[in-house]
Amino acid sequence: MFLPAAALALLLTAEIQAAGLTIFNANILYCNPIVEREPHAAYMIRLDKLIAKINAIKPDVIAFQEMANCEFDWGARWIEPPKIIAQRTGFPYIHWISEGFPKIWEEGLAFYWNPATVAMENIRCRHLKATKRGAFNGTIKKSLCRGDIRRKDGRLLRLYNTHLSGGDLGLRQLYEILTLVARERPEIDAAVFTGDFNFKPDSAGAAWLKNLGFRQDAYNHVDYVFTWNLEEPQAIRIIDLKSDHTSDHDGLWLEIADQ
């Protein structure tokens, strides 16, 4: 039941009622005091909006890209948004730092889960080997995180989360990930692969995923949800984050039957 972005755009919503397992994926636009100096007050407004949306839609599991800790006002303020989100939603979380400079900008991936409905276990993260030199002599690193969700019927669902570079570098990163995914496949019953892939639906990367048996269930711009060995989703939605400047990406929402 793949819907193109044009159709998904009709499903913008502030509140969602769901009976199945729900997964929310979003690139939430990091705070970055080095390259894009965003004022503290402006960033906190964005963060407040994001938390309000999480509390409105109440997903079971969240996969975020560009989750960052940041200093503001030239070091006068240090904030840790992952902790703030956890405190104000009641969701446990993990935050994996992919790249940055300690106590200035620490950016990476995050998982959150609703303890009233699911538990995540066996969470692991790793840096990908393919990197490049970035600004201020830093290294641009990308990562993969994955964790397991035990469904109501007892089956194990593995959730993968990544943020790839663009172009050939991103393909090298994806090849590394898919090699790992193929090796892990005998351990699990089904999988969801979410993230900011930085490629188009007709790209080589998308073809690789499909050749490994993944179905493209949701897509918007460069953000995707792929699934393996799962029934057709009950609902696919875009969560509006761009119109009120919460992020420069909209979020993707997937509801899976959970018997």
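Here the sequence shown is numbered in my numbering, starting from 16 and rising by one per residue. The beta-carbon is built from N, C-alpha and C at its ideal position, and this holds for glycine as well.
Counting C-beta pairs closer than 8 Å gives three or more between the stretch 35 to 50 and the stretch 75 to 83, which meets the contact rule. Runs of the beta strand (DSSP E) lying entirely within the stretch 105 to 136, each at least 3 residues long, are 108 to 116, 120 to 128 in chain order.
Taking C-alpha positions only, R230 is separated from F208 by approximately 10 Å. C160 and N176 do touch by the CB rule: their CB atoms are close to 5 Å apart, below 8 Å.
When DSSP assignments are scanned along the stretch 197 to 252, the uninterrupted stretches of beta strand (DSSP E) that are 3 or more residues long and fall wholly within it turn out to be 205 to 211, 230 to 235, 238 to 243. Excluding its 5 nearest sequence neighbours in each direction, Y127 has C-beta neighbours in its own chain below 6 Å: I77, F106, Y108, listed in chain order. By the beta-carbon neighbour count (other beta carbons within 10 angstroms, threshold 16), A221 is buried. For the options D63, A134, G90, the alpha carbon positioned closest to that of P117 is the one of G90. Linking L65 to I100 through their CA atoms gives a straight-line distance of about 9 Å. Between D232 and P248, the C-beta spacing is below 8 Å.
The shortest C-alpha to C-alpha distance from I271 to any of I155, A250, L174 is the one to A250. Distance between W93 and A83, taken at the CA atoms: about 11 Å. For the options K167, S180, V196, the alpha carbon positioned closest to that of R173 is the one of V196.
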